[in-house]
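J.: For reference, the structure I am asking about is given below.
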Amino acid sequence: MDKVAILYGGGCYGNFVHWCIQYFSGSDITLPFNQNGNSHKTDIGDFKFSKKFIYFDRENNLSSYNQNIVYGHPKTIENTKIINIIEKILDTDRKIIFLNCSKKSFLLNINNKFTKIFSDGWLESNNPSSISQFNKTINELSLWEKREFLSFYIFKQHESETEYQIMNSFTNENFLSINIENLFDDFESTIRKIFSFINLKIERTNFEEIYSEWTKLQYYKDSDKNAKEVLRAILEDRPLDWSDKNLSIIDEAWVQHQLRDEHDIEIRCWRLDKFPTSTDALRPYLIHQNV
42 MDKVAILYGG
52 GCYGNFVHWC
62 IQYFSGSDIT
72 LPFNQNGNSH
82 KTDIGDFKFS
92 KKFIYFDREN
102 NLSSYNQNIV
112 YGHPKTIENT
122 KIINIIEKIL
132 DTDRKIIFLN
142 CSKKSFLLNI
152 NNKFTKIFSD
162 GWLESNNPSS
172 ISQFNKTINE
182 LSLWEKREFL
192 SFYIFKQHES
202 ETEYQIMNSF
212 TNENFLSINI
222 ENLFDDFEST
232 IRKIFSFINL
242 KIERTNFEEI
252 YSEWTKLQYY
262 KDSDKNAKEV
272 LRAILEDRPL
282 DWSDKNLSII
292 DEAWVQHQLR
302 DEHDIEIRCW
312 RLDKFPTSTD
322 ALRPYLIHQN
332 V
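Each residue of the sequence shown is one higher than the one before, starting from 42 at the first, in the working numbering.
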């Protein structure tokens with residue numbers, strides 16, 4: 042096996058991919074899933090390969106690690122450029138597996154980030170300073186105020202954190218980029234590609250079993266598809282009831298963001314804690330700016 046660094050932002054399944062490398066290569070470990078679908082369970086057995094978690098942009102001597110696998114987040118400081126971290130790691134003769142979102146999995150990634158990393162939630166734990174515009178703490182905001190804030194803030198923040206539009210075009214023979222939707226669309230092929238890339242032999246082949254156990258806990262796997270379907274229905278002014286889709290506050294904020302920033306349509310959101318669940322119910326709240 043080649044030495045490898047697994048780089049991923051929060052919510053990009055880095056712990057799960059690390060577990061897959063260990064498990065499908067024969068480690069005596071059990072499933073790593075908690076009830077919220079993350080792979081952070083710790084008491085799962087013995088790993089076959091040595092490992093180390095790293096915040097890569099806070100580490101100055103990446104060549105000092107002898108572990109087979111180092112893994113962690115490439116960007117935890119605002120002015121970090123991920124490409125600079127990539128180049129530093131490649132100089133240590135490690136191969137890199139880079140997990141990131143794309144336009145197809147943007148909302149999936151943010152929803153994961155919001156619900157799987159911090160016990161009290163991403164927004165409450167990070168408490169962005171820009172929320173002070175409401176003259177309230179995060180815990181004092183009403184649901185509609187949180188949605189309004191997120192519609193202005195979180196999508197730009199996540200683009201900056203992931204740099205996905207830049208990084209998805211980077212190539213190097215020792216760099217394997219995987220968009221997280223690939224894990225859903227073709228799980229076995231993606232895992233086999235990883236094993237081939239790091240010259241590791243597959244010892245277990247129960248891919249369908251693991252995929253089934255994993256996906257049934259991924260509550261936001263359809264977020265991007267559902268939110269885009271809602272947006273299209275609103276723009277086309279056609280009937281659609283999405284009450285069975287269980288949109289998250291992130292999905293709702295994205296619809297609000299897209300309507301306002303891309304289509305000049307505002308939502309009268311004052312005290313609108315319960316977001317409408319059909320085009321008919323939402324229509325009275327829409328303000329078309331260009332009419």
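Glycine residues also receive a C-beta, built at the ideal position from the N, C-alpha and C atoms.
Under 7 Å: does the beta carbon of residue 64 sit that close to some heavy atom of the ligand COA?
T.: Ligands displayed in this structure: none; no statement on the ligand COA is therefore possible.
J.: Determine the direct distance from the alpha carbon of residue 326 to that of residue 98, and round the result to whole angstroms.
T.: Those two C-alpha atoms are separated by around 44 Å.
J.: Considering only the beta carbon of each residue, do residue 200 and residue 180 sit closer than 8 Å?
T.: Cβ distance not < 8 Å, so residue 200 and residue 180 don't count as in contact.
J.: If residue 182 sits next to residue 58, beta carbons under 8 Å apart, how far is it from one beta carbon to the other, in whole angstroms?
T.: Not confirmed; about 35 Å, so no contact.
J.: Over what stretch of residues does the alpha helix (DSSP H) that includes residue 248 continue unbroken?
T.: From DSSP, the alpha helix (DSSP H) with residue 248 extends over 248-256.
J.: Decide if residue 283 is buried, meaning its Cβ has at least 16 other Cβ atoms within 10 Å, or exposed.
T.: By the neighbour-count rule (16 or more Cβ atoms within 10 Å), residue 283 is buried.
J.: Could you name each continuous alpha helix (DSSP H) segment of 4 residues or more that falls completely within the stretch 197-226, going from the start of the chain to the end?
T.: The stretch 197-226 contains these whole alpha helix (DSSP H) runs: 205-208 and 222-226.
J.: DSSP beta-bridge partners for residue 270?
T.: None, per the DSSP bridge assignment.
J.: Could you spell out the range, first to last residue, of the beta strand (DSSP E) harbouring residue 48?
T.: Its beta strand (DSSP E) spans residues 45-49.
J.: How far does the alpha helix (DSSP H) with residue 94 in it extend, from its first residue to its last?
T.: Not the alpha helix (DSSP H): residue 94 falls in the beta strand (DSSP E), residues 92-96.
J.: Compute the Euclidean distance between the alpha carbons of residue 149 and residue 273, then round it to the nearest angstrom.
T.: Each residue's alpha carbon lies about 18 Å from the other.
J.: Mapping DSSP to helix, strand and coil, what is residue 110?
T.: Residue 110: strand per DSSP, three-state reduction.
J.: Only counting the same chain, and skipping five residues up and downstream in sequence, which positions put a Cβ closer than 6 Å to that of residue 305?
T.: These residues qualify, in order along the chain: 330 and 331.
J.: Using DSSP with H/G/I as helix, E/B as strand and the rest coil, what is residue 100?
T.: Looking at residue 100 - three-state DSSP - the assignment turns out to be coil, as it is neither helix nor strand.
J.: Taking the alpha carbon of residue 312 as the point to measure from, which residue in 189, 265 and 163 has its own alpha carbon closest?
T.: Of the listed residues, the one whose Cα sits closest to residue 312 is 189.
J.: Between which two residues does the beta strand (DSSP E) harbouring residue 307 extend?
T.: From DSSP, the beta strand (DSSP E) with residue 307 extends over 306-308.
J.: By the 10 Å Cβ neighbour count, where 16 or more other Cβ atoms means buried, how is residue 298 classified, buried or exposed?
T.: So residue 298 ends up on the buried side.
J.: Is residue 276 helix, strand or coil by DSSP?
T.: Helix, per DSSP.
J.: Our contact map puts residue 231 next to residue 142 with C-beta atoms below 8 Å; I'd like the distance itself, whole angstroms only.
T.: Going by Cβ atoms, the distance from residue 231 to residue 142 rounds to 15 Å, so no, they are not a contact pair.
J.: Whole angstroms is fine: what's the gap from residue 123's alpha carbon to residue 186's?
T.: Each residue's alpha carbon lies about 32 Å from the other.
J.: Should residue 157 be labelled buried (16 or more other beta-carbon atoms within 10 Å of its own) or exposed?
T.: Under this definition residue 157 is a buried residue.
J.: Would you call the stretch 237-251 and the stretch 61-70 in contact, with 3 or more CB pairs under 8 Å?
T.: Short answer: they touch.
J.: Quick check on residue 263: does DSSP put it in helix, strand or coil?
T.: Residue 263: coil per DSSP, three-state reduction.
J.: Using beta-carbon positions only, say whether residue 146 and residue 221 come within less than 8 Å of one another.
T.: Cβ atoms of residue 146 and residue 221: closer than 8 Å.
J.: Decide if residue 259 is buried, meaning its Cβ has at least 16 other Cβ atoms within 10 Å, or exposed.
T.: Residue 259 should be labelled buried.
J.: What are the residues that DSSP puts in a beta bridge with residue 56?
T.: None, per the DSSP bridge assignment.
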